[in-house]
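Down below is the structure, laid out as structure tokens.
Number of protein chains: 2
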Amino acid sequence: MRLSKRTEYGLRAVVQLARLWPRTFVQSKDLAQQEGLPNKFLESILLALRRGDFLESKVGSGGGYRLSRAPREINVGDLIRRLEGRLTVKEETSTDELSPGEVAVRLINERLTDATDDVLDAMTLEQLVEHVTRAGSLQQSMYYI
Amino acid sequence: MRLSKRTEYGLRAVVQLARLWPRTFVQSKDLAQQEGLPNKFLESILLALRRGDFLESKVGSGGGYRLSRAPREINVGDLIRRLEGRLTVKEETSTDELSPGEVAVRLINERLTDATDDVLDAMTLEQLVEHVTRAGSLQQSMYYI
DNA sequence: GACCAACGTACCATTCCGATAGGATTTTGT
DNA sequence: ACAAAATCCTATCGGAATGGTACGTTGGTC
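Those protein sequence lines, which keep their order, are chains A and B. Heads up: the first sequence begins at 159 in my numbering, then just goes up one per residue. Heads up: the second sequence begins at 159 in my numbering, then just goes up one per residue.
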């Protein structure tokens with residue numbers, strides 16, 4: 159189980175935006191620089207997030223992106239499902255004439271998606287950022303031991 | 159979250175073998191035909207499973223594959239991890255100088271792999287086959303309603 | 001009206017996935 | 001002994017997905 163680069167970059171940008179919330183707009187260029195990401199690629203990701211109503215954008219000088227809602231209101235599962243862009247062609251639910259092996263595979267797939275959805279849906283962006291800053295301060299405090 | 163074809167085919171073959179356990183060797187060709195899988199591709203998968211000590215094989219006329227142990231002794235998690243053949247280049251555990259975003263991504267990845275491992279490790283091949291045959295008999299009985 | 005940044009489109013390079021081809025090796029059956 | 005049968009092994013390949021770049025357009029600010 160591995161997240162795509164697209165998802166990873168999107169998450170990293172959103173985490174940055176959440177830490178700045180509710181301050182004003184941040185430009186794609188700056189986000190890319192802070193996290194060391196390819197600028198144009200990131201732009202396309204941010205655009206998708208805006209379309210998914212996770213971000214608001216402002217064009218022109220002094221423009222940029224910001225979260226459309228408070229981090230508390232944003233669910234990580236929703237975010238990632240948007241980023242992964244699952245097309246998953248509806249799985250062709252032809253329940254008839256399934257071999258035993260096919261039934262087994264289907265069962266496992268269901269269990270896996272349920273488990274991952276549970277993990278991701280139980281986490282808000284606020285919680286995620288909280289974990290991160292805790293880990294960060296922990297990391298920082300270790301320099302002084 | 160989706161299993162690769164390689165994993166899917168391997169599972170389907172193993173489920174068939176588990177249903178026949180502890181009977182004698184089944185040929186790749188027959189497994190491929192029963193499940194409608196490409197023969198040569200399946201062969202390479204079965205070979206990997208043999209190397210992973212899930213199967214025993216016998217060369218020559220009357221040869222084939224069979225489980226190396228009882229289905230009860232085979233863990234689905236082990237099986238799938240073998241089949242996916244994740245190379246996952248050790249994640250480069252450079253704990254220093256991580257951006258907040260990177261920490262967040264790492265956290266999510268850990269949670270996801272933990273959750274999926276939990277699901278898969280809690281299932282033996284015997285249990286999987288049991289689920290399948292139950293579902294199968296249910297499906298069959300519906301023909302007679 | 002000059003600049004700025006989001007928006008949009010098209011394209012490209014590389015990797016991975018699923019699969020096939022063609023054989024070499026080992027055992028069984030006659 | 002020999003032929004058939006099956007696993008075992010290596011190489012290759014087409015196509016799709018992924019990750020990324022280039023270039024231009026639109027809309028907003030000073």
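No residue lacks a Cβ here, since even glycine has one placed at the ideal position from N, Cα and C. On a predicted model such as this, the values are computed, not experimentally measured, just so you know.
Residue i classed as buried or exposed, judged by whether at least 16 other C-beta atoms fall within 10 angstroms
i: A/Ala273; result: buried
i: A/Thr246; result: Any reading at A/Thr246 must be qualified, since the residue scores a pLDDT of 49, below 50, and its modelled position is unreliable; the value itself is stated next. Result: exposed.
i: B/Pro258; result: buried
i: B/Glu231; result: exposed
i: B/Ala171; result: buried
i: A/Ser186; result: buried
i: B/Glu166; result: buried
i: A/Glu268; result: exposed
CB of residue i within 8 Å of CB of residue j, strictly
i: B/Leu200; j: B/Leu213; result: no
i: A/Val263; j: A/Gly222; result: no
i: A/Val173; j: B/Leu270; result: no
i: A/Leu283; j: A/Pro229; result: yes
i: A/Val164; j: A/Leu241; result: Reading off the sequence, residue 164 of chain A comes out as Arg, not Val. Yes.
i: B/Ser215; j: B/Arg209; result: no
Per DSSP, cross-strand counterpart(s) of residue i
i: B/Val184; result: B/Tyr223
i: B/Glu214; result: B/Arg224
i: B/Thr282; result: B/Asn233
Chain B contact for residue i (CB, 8 Å cutoff)
i: A/Gln185; result: no
i: A/Arg240; result: no
i: A/Ala206; result: no
i: A/Glu193; result: yes
Cβ of residue i within 8 Å of any chain A Cβ
i: B/Thr137; result: Since the displayed chain B opens at 159 and closes at 303, residue 137 of chain B lies outside it and no answer follows.
i: B/Ser257; result: yes
i: B/Leu270; result: yes
i: B/Val247; result: Confidence in B/Val247 is poor, its pLDDT being 46 and thus under 50, which makes the residue's placement too unreliable to answer from.
i: B/Glu166; result: yes
i: B/Glu260; result: yes
i: B/Arg230; result: no
Through-space distance from residue j to residue i, alpha-carbon basis
i: B/Met281; j: B/Leu195; result: 25 Å
i: A/Val217; j: A/Glu288; result: 30 Å
i: A/Gly168; j: B/Val290; result: 39 Å
i: B/Glu260; j: A/Gly235; result: 18 Å
i: A/Arg237; j: B/Leu225; result: The displayed chain sequence assigns Leu, not Arg, to residue 237 of chain A. Those two C-alpha atoms are separated by around 42 Å.
i: B/Ser202; j: B/Ala176; result: 19 Å
i: A/Asp211; j: B/Asn233; result: 42 Å
Check: residue i C-beta below 7 Å from any heavy atom of the ligand PLP
i: B/Arg170; result: Judged by which ligands are present, the structure shown has none, so any question about the ligand PLP falls away.
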